[in-house]
Structure formats: structure tokens, C-alpha cells
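Taking it in order: structure first as C-alpha cells, then the write-up.
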Amino acid sequence: MNEDNKEVSKRDLVSWRINKLNDFQSLNKWVNAQGNIQISLTTLVRHMIDRFGYRDITDIDIQKTMFLEPYSKDFQNIIAVMDDLKNKLSISNSSTELSVDPEISDEKNQDTSSAVTSIEAKKDVNSEKDNFYSTIDPSRL
């Protein structure tokens, strides 16, 4: 209903033709499973009013919310597990760092620095080769 219309129309009866809908068999099966269709539909409408107010439930933001809602608990569980794992890893890493022997740590640093020096030497050799080719004018080839 249009919100600009200040006069609220009173309805005594609302009809619902399900035989014209694509999934009428499924809808008909649901209707047949209800003890009192009026109470069931009223319950659904009241739930929608509590959730979304007096808005058209075909609005895109409401449709997105209703579509994603079944997955939101799964997403929350995944995030909680990831946070828990992250916390456990950070606790594990901090306890590992505290138990490192300083002499072993120095040896690792020396090994790392010699490896870095070796890599830098290889880069220098490669850069000399690159400099040789940089003097060639590609337009003359």
C-alpha cells in the first residue's frame, strides 16, 4: 500500500489464487498441511511485520536479507572458528618465541644473512647482463 495515502483501507477478505502460480503444487501441499490457513497466514504476516515493518517484502534489500538469512549463522560459525584458530596460532607462536635459545637464534640469523648475501651477489651478476642489453637500440634490430 502507498504510504502517501493517509486513508487506510479496511479489508474483510483477501483472496490468494495459487493455481495460477508456477509452483502451485508445492504451495497447495503447504496449504493442505495447515490446520487453519487463516491463522497460519496471519502468523507469517505478523512475523514479516516484526522483521521488516510495513514495507513491501519484494523490495530488493528485504529480498537479499531473506535470501542470505539461512546462511548467516553458517557465516558466523565459520568466522568464529577462524577467529578461534587465529587466537590459538598467535598463542602458539608467542609461546614458541619465548622458548627460543638465544645462541640458536644467532646461528639462524648468521645463516640467513649469508643466504641474503649470496642472493644479492647473484642479482649483481644478472644486473650486469641486463645493463649490457640495455645499451642496444631495439629500433636497429
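Counted the way the working numbering counts, the sequence shown spans residues 1243 to 1383.
We put the beta carbon where it would ideally sit given N, CA and C, even for glycine.
Computed from a predicted model, the values in this text were never measured in an experiment.
Can you list, in chain order, the residues of its chain with a C-beta nearer than 7 Å to that of residue i? Leave out the 5 residues immediately preceding and following it.
{"i": "F1266", "result": "I1260"}
{"i": "N1270", "result": "I1260"}
Once the 5 residues before and after residue i are set aside, which same chain residues still bring their CB inside 8 Å of it?
{"i": "M1308", "result": "I1299"}
{"i": "M1290", "result": "I1299"}
Sort the options by Cα distance to residue i and report the nearest one.
{"i": "I1279", "options": "F1294, W1258, L1310", "result": "W1258"}
{"i": "L1255", "options": "M1324, T1284, L1310", "result": "T1284"}
{"i": "V1250", "options": "S1334, L1263, Y1296", "result": "Y1296"}
How close, in whole Å, do the beta carbons of residue i and residue j come, if the pair is a contact with beta carbons under 8 Å?
{"i": "F1294", "j": "I1304", "result": "5 Å"}
Less than 9 Å between the beta carbons of residue i and residue j, yes or no?
{"i": "Q1276", "j": "S1268", "result": "no"}
In chain order, what residues of the same chain have a beta carbon less than 6 Å from the beta carbon of residue i, not counting five sequence neighbours either side?
{"i": "L1286", "result": "none"}
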